[in-house]
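Trainee: The sequence shown begins at 1 in the numbering used here and counts up by one.
So that we are looking at the same thing, I have put the structure below in structure tokens.
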Amino acid sequence: RITTSHYDVGGAAIDNHGQPLPPATVEGCEQADAVLFGSVGGPKWEHLPPDQQPERGALLPLRKHFKLFSNLRPAKLYQGLEAFCPLRADIAANGFDILCVRELTGGIYFGQPKGREGSGQYEKAFDTEVYHRFEIERIARIAFESARKRRHKVTSIDKANVLQSSILWREIVNEIATEYPDVELAHMYIDNATMQLIKDPSQFDVLLCSNLFGD
1 RITTSHYDVG GAAIDNHGQP LPPATVEGCE QADAVLFGSV GGPKWEHLPP
51 DQQPERGALL PLRKHFKLFS NLRPAKLYQG LEAFCPLRAD IAANGFDILC
101 VRELTGGIYF GQPKGREGSG QYEKAFDTEV YHRFEIERIA RIAFESARKR
151 RHKVTSIDKA NVLQSSILWR EIVNEIATEY PDVELAHMYI DNATMQLIKD
201 PSQFDVLLCS NLFGD
């Protein structure tokens with residue numbers, strides 16, 4: 001027997017409680033064995049200040065509160081459904097079965113400082129991409145462990161030719177790879193990866209991505 005409880009979050013919570021993440025919702029999640037999370041936002045609430053919008057006011061805090069650092073996103077084209085795939089027919093004919101492992105509680109969405117300041121021609125907005133070693137290590141291990149249960153290949157997505165955070169990301173992923181000699185590791189820049197996903201998605205098994213690049 002499964003007992004279910006329902007709690008408002010995001011836009012519905014704003015409408016009913018005046019805030020995107022009511023304490024009762026957090027408490028209900030803490031007491032549950034599993035959480036089935038619906039959508040949080042929409043055009044109706046886009047006029048609100050950024051910190052009060054459903055995504056930033058509910059979704060990100062929930063991820064942080066429950067330490068949900070790993071997001072597993074499968075993408076599989078099942079045989080017989082090729083005609084419904086938006087890719088070109090000759091590409092869809094090869095099929096694909098991809099698991100995107102996205103880091104979820106670090107990176108630019110959570111890095112500090114962030115904000116807006118100044119005025120006129122000197123007005124500016126800024127966000128900060130920050131990754132700690134432990135954050136990269138644990139998400140990398142999730143990717144490699146997942147690959148062991150699949151086709152034994154990890155493709156790590158970064159921008160190590162430009163970003164310091166990506167340089168550290170690549171270094172640590174290489175270190176973790178030595179613990180998994182049975183898993184093939186490849187690195188790919190994010191801009192090339194987006195092209196390759198359209199050109200030949202069948203080449204990928206497990207994609208290892210930062211918070212931003214996995215989004």
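From the three backbone atoms N, C-alpha and C, an ideal C-beta is built for every residue, glycine too.
How do the region 142 to 157 and the region 111 to 129 stand: do at least 3 beta-carbon pairs fall below 8 angstroms, yes or no?
Mentor: No: fewer than three Cβ pairs fall under 8 angstroms.
Trainee: Count the other CB atoms, across all protein chains shown, that sit within 10 Å of the CB of glutamate 135; report buried if there are 16 or more and exposed otherwise.
Mentor: Buried, since its Cβ has 16 or more Cβ neighbours within 10 Å.
Trainee: Could you tell me how far apart the beta carbons of glutamate 129 and isoleucine 172 are, in whole angstroms, since I believe they sit closer than 8 angstroms?
Mentor: Rounded, the Cβ-Cβ distance is 15 angstroms, inconsistent with contact.
Trainee: Could you tell me the alpha carbon to alpha carbon distance between glutamate 55 and isoleucine 98, rounded to whole angstroms?
Mentor: Roughly 26 angstroms between the two C-alpha positions.
Trainee: DSSP beta-bridge partners for serine 39?
Mentor: According to DSSP, serine 39 bridges with nothing at all.
Trainee: Let's see if you can read the secondary structure: which residues bound the alpha helix (DSSP H) around glutamate 30?
Mentor: Its alpha helix (DSSP H) spans residues 23 to 31.
Trainee: Go to aspartate 90, then tell me how far its alpha helix (DSSP H) extends in each direction, as first and last residue.
Mentor: From DSSP, the alpha helix (DSSP H) with aspartate 90 extends over 89 to 92.
Trainee: Pick out whichever of Val162, Lys199, Leu163 and Thr105 has its Cα sitting closest to the Cα of isoleucine 139.
Mentor: Of the listed residues, the one whose Cα sits closest to isoleucine 139 is Thr105.
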